[in-house]
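Visitor: I'd like to ask you about the structure that follows.
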Amino acid sequence: MGDYWTTDRTARRDTTGGGRALTAGLLMVGWVALLWVLEGIDQVTGNALDTYGISPREVAELRDVVPAAFLHSGWEHVASNSVPLLVLGFITALAGLRRFAAVVLTIIVASGLGVWLTAPANTVTLGASGVVFGLLGYLLVRGFVDRRPWDVLIGIGVAVVYGSLLWGVLPTDSGISWQGHLFGLIGGVAAAFLFRRPPARRGPDNLVTV
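Residues 54 to 263 in this note's numbering are what the sequence shown lists, from first letter to last.
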């Protein structure tokens with residue numbers, strides 16, 4: 054089908070506003086709930102799920118890059134990741150689920166591979182903080198990459214609320230994977246460029262084509 058122009062702005066807001074917000078909210082509530090359920094299973098099975106964490110530079114451990122992002126080392130660990138994941142994930146998912154899925158997968162792979170390559174020997178790394186840092190990096194630069202003023206403002210707001218998390222990319226605590234944070238952040242920034250929105254074209258009377 055060819056491009057067309059529309060002035061029905063109310064209809065466009067209805068289909069991309071409330072519906073997307075509900076979908077994004079349900080998605081992130083479900084995701085965070087899954088993390089808590091998995092930690093509950095881990096607790097009652099004597100930390101059996103921790104074996105799906107990433108052990109560096111072991112080829113067989115590459116299969117754990119994705120599952121490691123959904124597992125945690127205790128209730129305090131999953132609790133510390135839940136709120137920022139919920140908030141940053143919700144904001145990201147408002148732009149559409151396909152883009153959200155591509156961004157998150159890029160972040161998980163970048164963070165996991167970074168951990169696999171650079172984490173200290175004889176360690177096991179797991180947790181959603183790499184995803185949190187990736188979403189943070191993505192939202193901070195998305196507006197500038199897409200050249201969308203509204204997304205720039207969102208990025209500024211995110212920086213005000215969660216900007217202090219960026220200190221987590223520094224090796225200040227031997228028990229925390231700064232590698233996962235750093236490579237997650239890099240993955241999020243890379244995702245902003247990889248999945249940038251094409252510039253909107255305008256038709257007669259300056260109407261936007263869709």
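Built from N, CA and C at the ideal position, the CB exists for glycine as well.
Check whether the Cβ atoms of residue 244 and residue 155 sit closer than 9 Å, and answer yes or no.
Guide: yes
Visitor: Is it right to say residue 161 is buried, meaning 16 or more other beta carbons lie within 10 angstroms of its own, or is it exposed?
Guide: buried
Visitor: When burial is assigned at 16 or more other CB atoms within 10 Å of the CB, is residue 137 buried or exposed?
Guide: buried
Visitor: Run the CB neighbour count on residue 264, radius 10 Å, all protein chains shown included, and call it buried at 16 or more, exposed below.
Guide: The chain is shown only over 54 to 263; residue 264 falls outside these bounds and no answer can be derived.
Visitor: Which same chain residues end up closer than 7 Å to residue 89 when comparing Cβ atoms and leaving out the 5 residues on each side of it in sequence?
Guide: Apart from sequence neighbours up to five positions away, the residues of its chain that approach residue 89 with a beta-carbon distance below 7 Å are 131, ordered along the chain.
Visitor: What residue range is occupied by the uninterrupted alpha helix (DSSP H) comprising residue 182?
Guide: Counting along the chain, residue 182 sits inside the alpha helix (DSSP H) bounded by residues 182–199.
Visitor: Specify the secondary structure class of residue 145 as computed by DSSP and reduced to three states.
Guide: helix
Visitor: Quick one: is residue 220 buried, meaning 16 or more other Cβ sit within 10 Å of its Cβ, or exposed?
Guide: exposed
Visitor: Measuring straight from C-alpha to C-alpha, what distance separates residue 103 and residue 95?
Guide: 7 Å
Visitor: How about the segment 107–117 and the segment 142–156: do they share at least three Cβ pairs that are nearer than 8 Å?
Guide: no
Visitor: Determine the DSSP secondary structure at residue 107, reduced to helix, strand or coil.
Guide: strand
Visitor: Taking the alpha helix (DSSP H) that residue 153 falls in, what are its first and last residues?
Guide: 150–171
Visitor: In terms of alpha-carbon separation, which member of 176, 135 and 186 lies closest to residue 293?
Guide: Any property of residue 293 remains undetermined from this structure, which presents the chain solely from 54 to 263.
Visitor: When the distance is taken between beta carbons, is residue 180 closer than 9 Å to residue 228?
Guide: no
Visitor: What does the alpha-carbon distance come out to for the pair residue 119 and residue 78?
Guide: About 22 Å.
Visitor: What are the partner residues of residue 76, as DSSP defines its beta bridges?
Guide: According to DSSP, which records beta bridges pairwise, residue 76 is partnered with nothing at all.
Visitor: Within the same chain, show all residues whose beta-carbon is closer than 7 Å to that of residue 247, passing over the 5 residues directly before and after it, in chain order.
Guide: 159
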